[in-house]
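Below is one structure, written out as structure tokens, with a few remarks after it.
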Amino acid sequence: MRPGAVGQRRAPRDQGKRRLAGAVLVSLLVHGLILSLQFGIPALGLPGSATPIEVRLADVATPPAPMPPAPVAPAVPIPPLPLPDAVTPPAPATGMRLVDPAPAPAPAPVPAPVTPRLAVKKDKPRKAKRISPPLPASDALAMDTRVIAQDVIVNDFSVPMPRPEEAEQKTIDLKEAQHGTDDGTEATSAAEVAEAARAAQLAEIRRQEEQAERLAAQRKLEEDEKERKLAELQVRQQQEKAAAEASEEQEKQARLAQQARVEADAALMVEQQKAEQVATQQKLEQQTADQLRAEQAKADRQKANQLAAQQLAAQKLAEQQAAQKLAEQLAAQKLAEQQAAQKLAEQQAAQKLAEQQAAQKLAEQQAAQKLAEQQAAQKLAEQAAQKQAAQAAQAAQQAAQAAQAAQQAALQRGRDGGGSQAANTPPGGTAAGAGSGAGGKIIVPKNLLGSDLSNRAREMVKGLDILSGTPPPPLRDERRVAVGAAERDVPLRMYVESWRQKIQRNGSANYPRDWAGVEHTHALVNVAVRSDGTVQDVTILRSSGRADMDEAVLRIVRVNARYSPFPPNIASRYDVIDIRRVWQFGENLKLMEELR
């Protein structure tokens, strides 16, 4: 792109920004003016600005002091003037109120001076009459003042204290009290009556004057109140008029502001449209440039992706070749390990078989040696018996020869001695001779049977059947049987089956359950059980290929011993039973018969 074209596009953009900034500034000024007209600024003194609010506390008017009582003449008691009506002070305002300036209070009415009356000379002392003051007229006591406003109702009704002289002058008869006189206990003179009438007239005049003054003061208060209300009304009207003018001015200013705002908005809209056109043009140019850059970037990415895909394919091929080579190495290593394990198992099996054969051969040799020893012992016993028999026969022969020699000597002596010697021959000798002559048997003398030689011969041949001439039976071999799959002896098979169930039931708790998924060879185990239930030996004929499994076989057999003794029908025939089974380790232990 050329630099000149870039500068030409940048110039309208800066011009649009300046126009937009100017329009925003004008809009802010117009809005500020409208706000100042709406709310007002005290320092400017604009017509729409509000005056400050003045707050003033109303002064509480002090109630006028009550009128003092009129002095009484010493000579003639003059009835006291009626007290002016008590003016109830307004209740004090509670809180804060906005009030207009209160008018000055009216001056308190000044009581008229009482003219002192000269004392009248009396001829003789008389008892003074009781003169009661006349009752005020009801129309004079009426309250003309209108109550304009009262915030709080205050109960301040009070009765003035009676005077001492007034108590004495009161009368009982109200009708006579209306005229101002009543009769006493004694007669009065015409002068006194006239004086009393004049005094009553003066008092009435004074009362009327005071009443007129009070009425004048009341009328003045009412006029002042009317003037104050009129002033308030005028002020209120002026305020309303000013408010109306201010409102009209505000509306006018608002209309002007609205018009200015509309014009500003229109100008702003024009500027915005121009700015939008410029922005649209710039956006189109930017989009074109972005599209060119995107296409170039896309081409670069495609090229980079192709290169990366080629590199990834080459790397993946190399990894596959390496993995294949590693798998082949692992397979070869595993095969070698399996072959080594199989060879080791075969060597162990061959070694075990050789050991078993050697043990069997040794057992056979021991049995043959034992049999030879038994045969030698039997032969020695036979030889001893034969020797003892020969010695006994020789001794018997010698005894027979001695007996025969003795008999011959006795016969010789009998021939020589005649009948006397025959008479002295013992019966035994005769019997012996008779027996010898009759049967031709050898007669053993009694002293020979009780001799030491005969006793020794009996001890030597004790337990030997010398007379029968047959040797004792040889000692029996160990009774042993191997139970296989083809065993037909039912009691023997039942015993082996009970032994197998016990191993399967209790053996599953003596090895881990994860052996179920482990590849291993099923071990072939031979267990020799004695007749009392003890284990003679455990032989692993074929290893499982794992030392822990072979150790588990030995542990399971030892843990479950001692087993049930042989039943009598089996114990009478066998001393040892060889149980040969295939051990399979899975989720549960299984003992299976070997298939041959």
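In the numbering used here, each residue carries its 1-based index in the sequence shown increased by 1321. Beta carbons: idealized from backbone N, C-alpha and C, even for Gly.
Below 7 Å CB to CB, which residues in the same chain sit around residue i once its five sequence neighbours on both sides are set aside?
i       : result
Gln1336 : none
Ala1458 : Per-residue confidence for Ala1458 stands at a pLDDT of 46, beneath the threshold of 50, marking its modelled position as unreliable; the derived number appears in the next sentence. Same-chain partners within the cutoff: there are none.
Ala1537 : none
Ala1629 : none
Gly1866 : Ala1662, Ala1666, His1841 and Thr1842
Pro1812 : Pro1888, Asn1890 and Ile1891
Gln1612 : none
Keeping to the same chain, check which residues put their C-beta closer than 6 Å to that of residue i; ignore five residues upstream and five downstream.
i       : result
Ala1806 : Glu1914
Ser1852 : Phe1887, Ala1892 and Asp1896
Asp1858 : Ala1849
Ser1829 : Asn1909 and Leu1910
Asp1899 : Ala1803, Asn1847 and Ala1849
Leu1916 : none
For residue i and residue j, I'd like the C-alpha separation in whole angstroms.
i       : j       : result
Lys1338 : Ala1600 : 10 Å
Glu1592 : Arg1340 : 6 Å
Lys1655 : Arg1834 : 25 Å
Ala1433 : Glu1531 : Annotation note: pLDDT 46 at Ala1433 (below 50); position unreliable, coordinate value reported separately. In a straight line, the C-alpha of Ala1433 is about 8 Å away from that of Glu1531.
Ala1642 : Leu1651 : Correcting the residue identity first, residue 1642 is Gln in this sequence and not Ala. Taking the straight line from one Cα to the other gives about 14 Å.
Phe1360 : Ala1564 : 14 Å
Ala1724 : Gln1733 : 14 Å
Leu1358 : Gln1559 : 21 Å
Asn1890 : Ala1716 : 51 Å
Ala1440 : Ala1533 : Low per-residue confidence applies at Ala1440: pLDDT is 40, beneath 50, and the placement is therefore not dependable, though the value from the model is reported in the following sentence. Each residue's alpha carbon lies about 30 Å from the other.
Trp1904 : Gln1686 : 32 Å
Lys1595 : Arg1622 : 39 Å
Asp1545 : Leu1551 : 10 Å
Glu1649 : Glu1658 : 14 Å
Lys1547 : Lys1562 : 22 Å
Gln1712 : Ala1702 : 15 Å
Gly1735 : Ala1705 : 43 Å
Asn1827 : Val1856 : 17 Å
Ala1610 : Ala1587 : 34 Å
Glu1489 : Arg1535 : Residue confidence is low: Glu1489 scores 43 on pLDDT, short of 50, so the model does not pin down where it sits. Its coordinate-derived value is still stated next. Roughly 29 Å between the two C-alpha positions.
Lys1619 : Val1839 : 54 Å
Phe1906 : Gln1669 : 20 Å
Gly1808 : Ala1714 : Per the sequence shown, the amino acid found at residue 1808 is Glu instead of Gly. Answer to the nearest angstrom: the Cα atoms are 56 Å apart.
Ala1515 : Glu1543 : 41 Å
Arg1557 : Glu1597 : 56 Å
Whose CA, out of the options, lies closest to the CA of residue i?
i       : options                               : result
Leu1875 : Ser1852, Tyr1832, Ala1713 and Asp1896 : Tyr1832
Leu1356 : Arg1519, Ala1537 and Glu1572          : Glu1572
Arg1854 : Trp1836, Gln1718 and Val1878          : Checking the displayed sequence, the identity of residue 1854 turns out to be Gly instead of Arg. Minimum Cα distance to Gly1854 is reached at Val1878.
Leu1589 : Gly1343, Val1839, Ile1900 and Gly1907 : Gly1343
Arg1894 : His1841, Ala1713, Ala1837 and Val1802 : Val1802
Leu1674 : Ala1596, Ile1900, Ser1864 and Glu1908 : Ser1864
Trp1836 : Glu1544, Pro1812, Ala1873 and Gln1555 : Ala1873
Arg1901 : Ala1726, Arg1821, Asp1810 and Asn1626 : Arg1821
Quick one: what's got a C-beta closer than 8 Å to residue i's C-beta in the same chain, skipping five residues either side?
i       : result
Ile1824 : Ile1877, Val1878, Asn1881, Leu1910 and Leu1912
Arg1582 : Ser1348, Val1351, His1352 and Ile1355
Val1345 : Leu1589
Asp1921 : Limits of the chain in this structure are 1322 at one end and 1917 at the other, which puts residue 1921 out of reach.
Arg1800 : Arg1894, Tyr1895, Asp1896 and Val1897
Ala1585 : Ala1344, Val1347, Ser1348 and Val1351
Any beta strand (DSSP E) of 3 or more consecutive residues that is wholly inside the region 1793–1863
1801–1804, 1844–1851 and 1856–1863
Within 8 Å, do at least three Cβ pairs link the region 1878–1895 to the region 1811–1831?
yes
How about the region 1576–1585 and the region 1343–1355: do they share at least three Cβ pairs that are nearer than 8 Å?
yes
Can you find at least 3 beta carbon pairs, one from the region 1859–1875 and one from the region 1838–1848, that sit closer than 8 Å?
yes
Which ranges would you report for the beta strand (DSSP E) in the region 1521–1549 if only whole runs of at least 3 residues count?
none
Every unbroken alpha helix (DSSP H) inside the region 1624–1701 [4 residues or more]:
none
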